[in-house]
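Read through the structure below, which is laid out as structure tokens, and then see the notes.
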Amino acid sequence: GTGKTTLAACIINYVLHELRSPVMFAKARDVMLDIRKTFSDRYETEAKILDKVSYVDLLLLDDVGVDRPSEWIKSTYWTLMDRRFDWMLPVVVTTNKPFEGRGEILADRIGEGAASRLLGLCQGNVIDMTGEDLR
Numbered sequence: 001g002t003g004k005t006t007l008a009a010c011i012i013n014y015v016l017h018e019l020r021s022p023v024m025f026a027k028a029r030d031v032m033l034d035i036r037k038t039f040s041d042r043y044e045t046e047a048k049i050l051d052k053v054s055y056v057d058l059l060l061l062d063d064v065g066v067d068r069p070s071e072w073i074k075s076t077y078w079t080l081m082d083r084r085f086d087w088m089l090p091v092v093v094t095t096n097k098p099f100e101g102r103g104e105i106l107a108d109r110i111g112e113g114a115a116s117r118l119l120g121l122c123q124g125n126v127i128d129m130t131g132e133d134l135r
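Residue 50 in full-length UniProt numbering sits at position 50 of the sequence shown, and the numbers go up by one each step.
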């Protein structure tokens, strides 16, 4: 409700239209659900879905950390962030969880390794958009 997704969409629209680079907008939960569906789907594989989100020039992952943390969730985020980190491919993330502070932080939801890689990809460019709900 503070405009995180709107700001993130403006960033990827600029990259797409002005810089003419491939981008992908995805809800984090939808990516996780799509991967889970592959466990019973003979036509789509986990690797295919991970490849799509891992290697696009710019990825926007919306609402990271909304899923209940599990080892599978943390492992999947680790794989995604590690691949993007290895190739130094930028990612724009929206989340309601802070990187640090009291209470639950993003690393509690996606794993310390994935959060560390994500912070490395951000190169310290984290925008805190706390405030009044604008909806």
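Where a beta carbon is used, it is the ideal one built from N, C-alpha and C, also for glycine. None of the values given here were measured: they were computed from a predicted structure.
Margin query: With the cut-off set at 8 Å, would you say A9 and F25 are in Cβ contact?
Written below: Locating residue 9 in the sequence shown gives position 9, counting from the first residue. Locating residue 25 in the sequence shown gives position 25, counting from the first residue. Going by C-beta atoms, A9 is nearer than 8 Å to F25.
Note to self: Taking 7 Å as the cut-off, is the C-beta of Q123 nearer than that to any heavy atom in the ligand FAD?
What the structure shows: Only the bare structure without any ligand can be found here, which leaves the ligand FAD out of the picture.
Note to self: How far does the alpha helix (DSSP H) with F85 in it extend, from its first residue to its last?
What the structure shows: What you label residue 85 is simply residue 85 of the sequence shown in a count that begins at 1. Start and end: 71 to 87.
Margin query: Check whether the region 1 to 16 and the region 39 to 46 touch, using three or more Cβ-Cβ pairs below 8 Å as the test.
Written below: no
Item checked: Three-state class that DSSP yields for V93 in the structure shown -> Sequence index remark: in the sequence shown, residue 93 carries index 93 (1-based). In this structure, V93 counts as strand in the three-state DSSP scheme.
Check: From this set, G3, G1, D41, S54, which residue's C-alpha is nearest V23's C-alpha?
Finding: Within the sequence shown, the letter at position 23 stands for residue 23. The shortest C-alpha separation from V23 is found at S54.
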